[in-house]
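> In the working numbering, the protein residues as written are 1 to 67.
Can you read through this structure? Questions will come right after.
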Amino acid sequence: MVGIIIAATLIWFFSSIFPEIIQRTKTLTTVAKKDEAIEILKIRLAKGEITKEEYIEMRKLLEEETK
C-alpha cells in the first residue's frame, strides 16, 4: 500500500516538473538558433554576399519569428 502511494507521488512529481523543463529547453534552443542565424547574416554581410538592406530585412524577419 505504501509502495503505491510512493509511486503515485513520484509520478505526480515528475509529471508536474518535466513540462517546465521542456518549455525552458525549447526557449533556450529558439534563442540559440536566432543568435546563430544572426551571426550567419553578419558574416554574409561582411563577405559582401548580401546588401545592408537585405541584412536588415532578414534580421527583422528573424526577430519577428522569435517573439
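Glycine is no exception: its CB is placed at the ideal position from the N, C-alpha and C atoms.
Just so we're clear, the structure is a prediction, and the values are computed from it rather than from any experiment.
1) Keeping to the same chain, check which residues put their C-beta closer than 6 angstroms to that of Leu45; ignore five residues upstream and five downstream.
2) Looking at Leu62 and Ile38, is the spacing between their C-beta atoms short of 8 angstroms?
3) Grab the span of the alpha helix (DSSP H) containing Met58 for me, first residue to last.
4) What would DSSP say about Glu49, mapped onto helix, strand or coil?
Let me spell this out:
1) One-based indexing of the sequence shown puts residue 45 at position 45. Excluding residues within five positions, the ones whose Cβ falls inside 6 angstroms are Tyr55.
2) As a first step, residue 38 is located in the sequence shown; it is residue number 38 there, counting from the start. As a first step, residue 62 is located in the sequence shown; it is residue number 62 there, counting from the start. Yes; because the gap between Cβ atoms is below 8 angstroms, this pair is in contact.
3) To locate residue 58, count along the sequence shown from 1; it is residue 58. Note, Met58: alpha helix (DSSP H), Lys52 to Glu65.
4) Residue 49 sits at position 49 when you count from the first residue of the sequence shown. Correct three-state label for Glu49: coil.
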